[in-house]
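My numbering numbers the first residue of the sequence shown as 1305 and each following residue consecutively.
For glycine and all other residues, C-beta sits at the position ideal for the given N, C-alpha and C.
A short worksheet on the structure shown next.
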Amino acid sequence: MYKPGFLTDKTVLVTGGGSGLGLAMAMSFAEYGAQVYICGRTESKLQKAVIEIKESGGKCGYKVCDVKDYEAVGQMIREIENETGSLNVLVNNAAGNFLSASEDLSPNAFKSVVDIVLHGTFNCTQHFGKLMIEKDRAATVLNIVTTYTETGSAFVMPSACAKAGVYAMTNSLAYEWAEYNIRLNSIAPGPFPTEGAWTRLMPDPEMEKGYKKLIPMGRYGEHEELANLAIFLISDLSSYITGECVTIDGGERLKSGQFNFVTQAAPRPMLKQFFSMMKSSGKKS
Ligand code: HXC
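Written as structure tokens, this is what we have:
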């Protein structure tokens, strides 16, 4: 897909990089020569992920860090900089989410999601940005948001609020930090199954079957497809792109089109036959 080794000038921190989409992105960055750090709360998960990346020939380290903790994040960023002297990419991927009726949420349930997603992204981005400004270093931040940042979504209201905040943060800083040569973009992934997201958000096979029908491309995304987009956005191929949010969802976000339901009404050849009948009967009248 890309030239081998074309990320060798990148030192990347991926938050929540021990599993799921974070790990998929970290693996791909390393595959193209980036020096990668992953962070998360569970050391055993991070250790396993680092072994996997190293076995594929990548350069990777890990830091145990909870992104909710402002001071700990600052220390992690300083440590990575001390170890490499070249940190220049941050991918804010760590997230928390679950399905719940909003009237049943405890204040702490709302807070726990917002703390990870919005405060966590602020903590990492501000520490990273300060360092890049101090070092006068060109840098990139990539934030993982969702397709419901603008619309909101039933039953994941805390996540929708937090991700909308991250979206606003991305665009605010894209303008403010352009002067420092720091680019900030976001990706809004649609359905990319991961164990973490699917056990929390898609617990029932019937629910999953119904969900798949809403995706015009009729399939879920492959982790590699997301990773390819992330590579583009952290690389110099996108050097003039900042404050952009790229949706990658097989067309799912377009589901509100008024006549989209017709696609499901009958098999396509039958529909086309019906349309031609309508056309010829229209000509006669
Ligand atoms: C209602 C819940 C709940 C649930 C937890 N809580 N799960 N409330 N329904 N299913 C409440 C708890 O009762 C508690 O409130 C509060 O939330 C904090 O819970 P803890 O378990 O103590 O918190 P913590 O260990 O910090 O865990 C945070 C978490 C957890 C968000 C609750 O799910 C987590 O760690 N998630 C990380 C991984 C993850 O979520 N991955 C999916 C991301 S996918 P009380 O009042 O009892 O103290 C994603 C993309 C979406 O975001 C797009 C998909 C298509």
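Practice item. Check whether the Cβ of G1400 lies closer than 7 Å to any heavy atom of ligand 1, and answer yes or no. Key: yes
Review point. Mind checking whether T1303 and C1428 have CB atoms under 8 Å apart?
Key: A query on residue 1303 cannot be resolved here, the shown segment of the chain reaching from 1305 to 1589 and no further.
Check your understanding: Out of T1450, P1493, R1382 and S1457, which has the shortest C-alpha to C-alpha gap to A1472?
Key -> T1450
Exercise for review: Using a Cβ-Cβ cut-off of 8 Å, state whether G1555 counts as contacting chain C.
Suggested key: The chain labelled as chain C is not found in the depicted structure, where only one protein chain is given.
**Study point:** Minimum C-alpha distance to Y1524 - residue among W1502, V1550, L1541 and F1496
**Key:** Comparing alpha-carbon positions, the option among W1502, V1550, L1541 and F1496 lying closest to Y1524 turns out to be F1496.
Exercise for review: Find the nearest neighbour of G1344 within the set L1311, M1380 and S1463, judged by alpha-carbon distance.
Suggested key: M1380
Exercise for review: Could you tell me how far apart the beta carbons of G1494 and P1520 are, in whole angstroms, since I believe they sit closer than 8 Å?
Suggested key: Not really, about 10 Å apart at Cβ, beyond 8 Å.
**Study point:** Boundaries of the alpha helix (DSSP H) in which I1437 is found, first to last residue
**Key:** G1424 to K1439
**Study point:** DSSP beta-bridge partners of K1367
**Key:** C1343
Review point. Distance, Cα to Cα, G1324 vs Y1341?
Key: 15 Å
Review point. Helix or strand or just coil, what does DSSP make of I1535?
Key: helix
Exercise for review: Verify the contact flag: P1495, CB atom, against every heavy atom of ligand 1, threshold strictly below 7 Å.
Suggested key: For P1495, the Cβ falls inside the 7 Å cut-off from some heavy atom of ligand 1.
Review point. Beta carbon of N1412: closer than 7 Å to some heavy atom of ligand 1?
Key: Taken from the Cβ of N1412, at least one heavy atom of ligand 1 lies inside 7 Å.
Exercise for review: Let me know the alpha helix (DSSP H) ranges lying completely inside the stretch 1451-1529, each 4 residues or longer, listed in chain order.
Suggested key: 1461-1480, 1499-1505 and 1509-1516
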